[in-house]
Amino acid sequence: MRKKIIVMYAITALYLAVYSVPVLSIETAGKISQTETMSSEVYFRSGLSKARIKDYVGAIADFSKSLEQDNYSVSAYWARGLAKTQIGDFSGAIDDFNSVLNVSPAAENVYYMRALALKEMKDYTNAIEDFNRELMYNPQNENAYLNRGMCKKELGQYEDAINDFNIVLKINPNNIDAYYNRAGAKWPLEDFKGAEEDYTAVINFNKHYANAYYNRGCVKYNLSDYQGAVQDFSIAIDLNNEDMESYFLRGLSRLFTEEFAKSIEDLEYARKLSLAKENYKMYEGIMDFIKIVQEAQ
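If you use the working numbering, the sequence shown closes out at 399, no skipped numbers anywhere.
In structure tokens form, the structure reads like this:
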């Protein structure tokens, strides 16, 4: 039975140190590679030690030396692939994961990690295929459904993406990322009420999620709930006072609530932030909106 290990990039270092690599190497080295030499093992263990202190470049070098001694070591390819994800070398990681699968097609978690690397490279179609393979082995991997849904959302397959997020929430009703991404998939389908409900669920889990307030504010703006939009943009600004978009959209919302002075104040501040961020197109565009508000007074 496959050991269930849910791997995300944010915690890959932890798995290098505790779970993923030991499962594929130290505990099963004799089963996986009968040709592994002592020198290969020394380099491999040195690589693990460096990975544990986040010296991923040094770890990769040691895993490579291990592979020079034994180029059939599934453990070294796997560990080197994981280390490469930590330095953003996703193409190199995919090559290593391919090597693992060439030697051991049923190696656990490899399809999942290769899918994540493909997703980072925006190769969403092939990432989905790998998530499908992972789910054949581990149908309860909620993160595989979550990330597959995110890939489908990027490809504009919104209804299929929502189905994946629904599965995630059946497995784990407290998965905040599933609510957040499901809201993002409902939005382009113009299911604004559904999106609002999902962003509200996100906020109920995390009162400090600035992007959730911002996005819910945008949804409320689309629903012509301008007062509600002002409230959400205000909270987003409280959480991040450099949020140019929230100032801008709160200013527009206040145009509809006829708070003209506050609308101009928000738009002016958004214009100031756009200049600081060298967003000159936004800077010029905001000036046009300020003129509209001034004429509306």
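Beta carbons: idealized from backbone N, C-alpha and C, even for Gly.
{"Asked": "Taking 7 Å as the limit between beta carbons, can you name the residues of its chain near Glu76, skipping five residues before and five after?", "Found": "Because the chain in this structure spans residues 103 to 399, residue 76 falls outside the shown range and cannot be described."}
{"Asked": "Run the CB neighbour count on Glu298, radius 10 Å, all protein chains shown included, and call it buried at 16 or more, exposed below.", "Found": "buried"}
{"Asked": "Determine whether the beta carbon atoms of Thr359 and Tyr316 lie at a separation below 7 Å.", "Found": "no"}
{"Asked": "Taking contact to mean 3 or more Cβ pairs, one atom from each stretch, closer than 8 Å, check whether the region 152-161 and the region 185-197 are in contact.", "Found": "yes"}
{"Asked": "Nearest-angstrom Cα distance between Asp198 and Arg182?", "Found": "7 Å"}
{"Asked": "Who are the near neighbours of Ser168 in its chain, counting only those whose CB is closer than 7 Å to its CB and skipping five residues on each side?", "Found": "Ser142, Tyr145, Phe146, Gly149, Ser175 and Ala178"}
{"Asked": "Note down the Cα distance separating Leu341 from Gln399, rounded to an integer number of angstroms.", "Found": "30 Å"}
{"Asked": "Using a Cβ-Cβ cut-off of 6 Å (strictly less than) and excluding sequence neighbours within five positions of Gly319, which residues of its own chain qualify?", "Found": "Ala331, Asp334 and Phe335"}
{"Asked": "Residues in its own chain within less than 8 Å of Leu248 by CB, not counting five upstream and five downstream?", "Found": "Asp266, Phe267, Val270, Asn277, Asp279, Ala280 and Asn283"}
{"Asked": "So for Leu257, helix, strand or coil by DSSP?", "Found": "coil"}
{"Asked": "Please give the ranges of any alpha helix (DSSP H) in the region 328-365, keeping only runs that are unbroken, at least 4 residues long and fully inside the region.", "Found": "328-341 and 346-358"}
{"Asked": "Using the Cβ count rule (16 or more neighbours within 10 Å means buried), how would you classify Glu361?", "Found": "buried"}
{"Asked": "Could you tell me if Ile337 is buried or exposed, where buried requires 16 or more neighbouring beta carbons within 10 angstroms of its beta carbon?", "Found": "buried"}
{"Asked": "State the start and end residues of the unbroken alpha helix (DSSP H) segment that holds Asp191.", "Found": "It is not in any alpha helix (DSSP H) - Asp191 carries neither H nor E in the DSSP assignment."}
{"Asked": "Determine the extent of the alpha helix (DSSP H) in which Lys295 is found, giving its start and end residues.", "Found": "Phe294 to Phe307"}
{"Asked": "So, helix, strand or coil for Tyr145, using DSSP?", "Found": "helix"}
{"Asked": "Would you kindly work out how many angstroms separate the C-alpha atoms of Val321 and Ile264, rounded to a whole number?", "Found": "17 Å"}
{"Asked": "Thinking C-beta only, is Lys364 closer than 7 Å to Pro356?", "Found": "A quick correction: the sequence has Arg, not Pro, at residue 356. Closer than 7 Å, so yes."}
{"Asked": "Give every residue of the same chain whose Cβ lies closer than 7 Å to the Cβ of Glu222, excluding the five residues on either side of it in the sequence, and list them in chain order.", "Found": "Phe192"}
{"Asked": "Output the distance between the C-alpha atoms of Trp289 and Lys224, rounded to the nearest integer angstrom.", "Found": "21 Å"}
{"Asked": "For Ser168, does the three-state DSSP call read helix, strand or coil?", "Found": "helix"}
{"Asked": "For Leu257, which residues of its own chain have a beta-carbon under 6 Å away from its beta-carbon, when the five flanking residues on both sides are left out?", "Found": "Tyr226"}
{"Asked": "Hey, Arg250 and Ile273: beta-carbon distance below 7 Å or not?", "Found": "no"}
{"Asked": "Suppose contacts are defined by Cβ-Cβ distances below 7 Å. Is Ala163 in contact with Ala195 by that definition?", "Found": "no"}
{"Asked": "Which value, in whole angstroms, describes the spacing of the CA atoms of Gly296 and Val304?", "Found": "13 Å"}
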